[in-house]
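Trainee:
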Amino acid sequence: MAVRNHSYTPQQVYDFVSNSTLSTQPGTKASYSDIGMGLLGHVLSQGAGVSFDQLVKDRILNVLGMDSTGMRINASEISIPEDIKSRFAQGHIAGKEVNLEFIPETIHSAGAMYSTANDLLKYLSANLGLIQTKVNDSIQETHLIRNSFGQSSENKSLKDYIGLGWTVTTDFGKVVIWHTGSIDGYTSIIGFNPGKQIGLVILCGCNYDDFSSQEMINLVIPFLLYHK
Numbered sequence: 007m008a009v010r011n012h013s014y015t016p017q018q019v020y021d022f023v024s025n026s027t028l029s030t031q032p033g034t035k036a037s038y039s040d041i042g043m044g045l046l047g048h049v050l051s052q053g054a055g056v057s058f059d060q061l062v063k064d065r066i067l068n069v070l071g072m073d074s075t076g077m078r079i080n081a082s083e084i085s086i087p088e089d090i091k092s093r094f095a096q097g098h099i100a101g102k103e104v105n106l107e108f109i110p111e112t113i114h115s116a117g118a119m120y121s122t123a124n125d126l127l128k129y130l131s132a133n134l135g136l137i138q139t140k141v142n143d144s145i146q147e148t149h150l151i152r153n154s155f156g157q158s159s160e161n162k163s164l165k166d167y168i169g170l171g172w173t174v175t176t177d178f179g180k181v182v183i184w185h186t187g188s189i190d191g192y193t194s195i196i197g198f199n200p201g202k203q204i205g206l207v208i209l210c211g212c213n214y215d216d217f218s219s220q221e222m223i224n225l226v227i228p229f230l231l232y233h234k
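Per my numbering, the sequence shown starts with residue 7, numbered consecutively.
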């Protein structure tokens, strides 16, 4: 479920979730939800008593040295640090430049962050166990399979599972862990093969209609699964 209403208040989000009807019984079918991930970040920040931005900085970014990653939105407007702004890539829809999309504070964890390829490679290195930090055990726990998405594609040997914020794709013992992201004007994918100790990041200043997440998946997953 995507979130495209830029003016949601926290109460509207709460009301939306409270009044929603599930299409399946809880625990019977896995499905990814932007608003679900957004609310998870909101609940975690409320429990910690700090903003989601500060929580991620304290628990992840500062630990991994991801100095060029952060939140591009405050409670009411787009807000990019000056030292980052000059390096910020322009987003595009159908070849035309677009303004950054605003995402309500309640669901910041579903698309309000910015990063760089170098910083995301640091994150990949931590996920591959190539660097040792105090968050290693927590990171490894996110890779554990929680539920099944079922068959991944027309290739019957591929199966998709859900981890904690990750999709886990398997093919007879081979494993790739990955996630895609998209907002207006931007599309991205990050993935890695823990067995082969390889990973890949693609960041594109293009809209999901111009170069879709599925096209990225079709490129990245086979490469990470079968690269020798």
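Ideal Cβ positions, reconstructed from N, Cα and C, are used throughout, including at glycine. As the structure is a prediction and not an experimental result, all values here were calculated from the model.
1) For Ser131, which residues in the same chain have their Cβ closer than 7 Å to its Cβ, ignoring the five residues on either side in sequence?
2) What did DSSP end up calling Met7 once you bin it into helix, strand or coil?
3) Check whether the segment 48–59 and the segment 103–118 touch, using three or more Cβ-Cβ pairs below 8 Å as the test.
4) Output the distance between the C-alpha atoms of Leu231 and Asn199, rounded to the nearest integer angstrom.
5) Considering Cα atoms alone, identify which of Asn25, Thr15, Cys212 is closest to Gly44.
6) Hey, how far is the Cα of Tyr20 from the Cα of Val174?
7) Quick check on the DSSP output: the alpha helix (DSSP H) that includes Glu147 runs from which residue to which?
8) State the Cα-Cα distance for the pair Ala8 and Ile189, rounded to the nearest angstrom.
9) Near Val23, which residues of its chain fall below 8 Å by C-beta distance, leaving aside the five closest residues on each side in sequence?
10) In its own chain, which residues sit with a C-beta less than 6 Å from the C-beta of Gly187, not counting the 5 before and 5 after it?
11) For the putative contact between Gly191 and Gly101, defined by C-beta atoms under 8 Å, what is the C-beta separation to the nearest angstrom?
12) Per DSSP, what kind of secondary structure is Asn199 in: helix, strand or coil?
Mentor: This is what the structure holds:
1) Listed in chain order, the non-local C-beta contacts of Ser131 below 7 Å within the same chain comprise Ile137, local neighbours out to five positions each way being set aside.
2) In this prediction, Met7 scores a pLDDT of 39, lower than 50, which makes its location untrustworthy; no coordinate-derived value is stated.
3) With the cut-off at 8 Å, the segment 48–59 and the segment 103–118 touch.
4) Note on geometry: alpha-carbon atoms of Leu231 and Asn199 lie some 7 Å from one another.
5) Nearest C-alpha to Gly44 among Asn25, Thr15, Cys212: Thr15.
6) If you draw a straight line from the Cα of Tyr20 to the Cα of Val174, it comes to about 30 Å.
7) Annotation: the continuous alpha helix (DSSP H) that includes Glu147 extends over 142–148.
8) Confidence in Ala8 is poor, its pLDDT being 43 and thus under 50, which makes the residue's placement too unreliable to answer from.
9) So the list reads Ile41, Leu45, once near-sequence residues are dropped.
10) Correct list, in chain order: Ser194.
11) The beta-carbon distance between Gly191 and Gly101, rounded to whole angstroms, is 11 Å. This is too long to meet the 8 Å contact definition.
12) DSSP places Asn199 within a strand segment (E or B) once states are collapsed to three.
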